[in-house]
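Okay, so the sequence shown: first residue is 239 according to our numbering, each after it adds one.
Just so you know, even glycine gets a beta-carbon here, dropped at the ideal spot from N, CA and C.
Keep in mind it's a predicted model, so treat the numbers as computed, not measured.
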Amino acid sequence: VTAAQLQVFKSFARGRFAGISAPTTRRALRSDFRLMTDQDFPKISGEKRAVEAAAESAKGHGVKKAVLLPVSAPFHCSLMQPAADAMADALEDVDVQSPRVPVINNVQARPVTDPVQLRTDLVTQVTGQVRWRESMQYMFDQGVDLFVEPGCGKVLSVMMRRALKDATGMPLDTPDALAEFADIVKG
């Protein structure tokens, strides 16, 4: 671990991430942060004290629930700039090829095949707003109606059910879920 990497990791301790259980506005929360992701369950990210104050303030503005999320960094806000810079440096000498299948990323929310754009978007996503809902909507509009969530957890599958009522979010978090998915793929 280099001194520069340690500095990047230290900068994360200043930040926080929270979820708010109702549509809310920056004005109502009276705090400096990034509001992102899902309009039904917005996430905020920024300076630790600002996010904690915003979460507390939200409760006083009719928000039913404001949860400080147990994540390791204040993702998708300016506090992650050192990580974005490290990502840019790491990708500088990587030979990014055109993908065989277009990538629908959370920066563009549309198909991307250009290697230069993909590299740029990988860096941008570290500090940028997440366009997850728009990405899912784009794919749904193209005929995708089954979305799988590999790994442990079901957060995205639950968000999918809220965002697209006619789509299916399928977490692949157990051996049984993997077997069920394999059966679906086999037809």
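Val364 sits buried, since 16 or more C-beta atoms from the chains shown fall within 10 Å of its C-beta. For Glu372, the enclosing alpha helix (DSSP H) starts and ends at Trp370 to Asp379. Ranked by how close their Cα comes to the Cα of Leu394, the residues Thr412, Gln375, Trp370 and Tyr376 have Trp370 in first place.
Residue ranges of uninterrupted beta strand (DSSP E) with 3 or more members, entirely inside the stretch 268-333 and ordered along the chain, are 272-276, 279-285 and 304-306. In this model, Pro308 and Gly300 are separated by some 23 Å (Cα to Cα). Below 8 Å, too few C-beta pairs join the stretch 345-365 and the stretch 382-391 to call them touching: fewer than three. The Cβ atoms of His314 and Val368 lie closer than 7 Å to each other.
Sequence-distant partners of Ala322 (beyond 5 residues in either direction) whose C-beta falls short of 6 Å from its own C-beta, in its chain, are Val361, Val364 and Thr365. When DSSP reads this structure, Leu384 sits in a beta bridge with Thr406.
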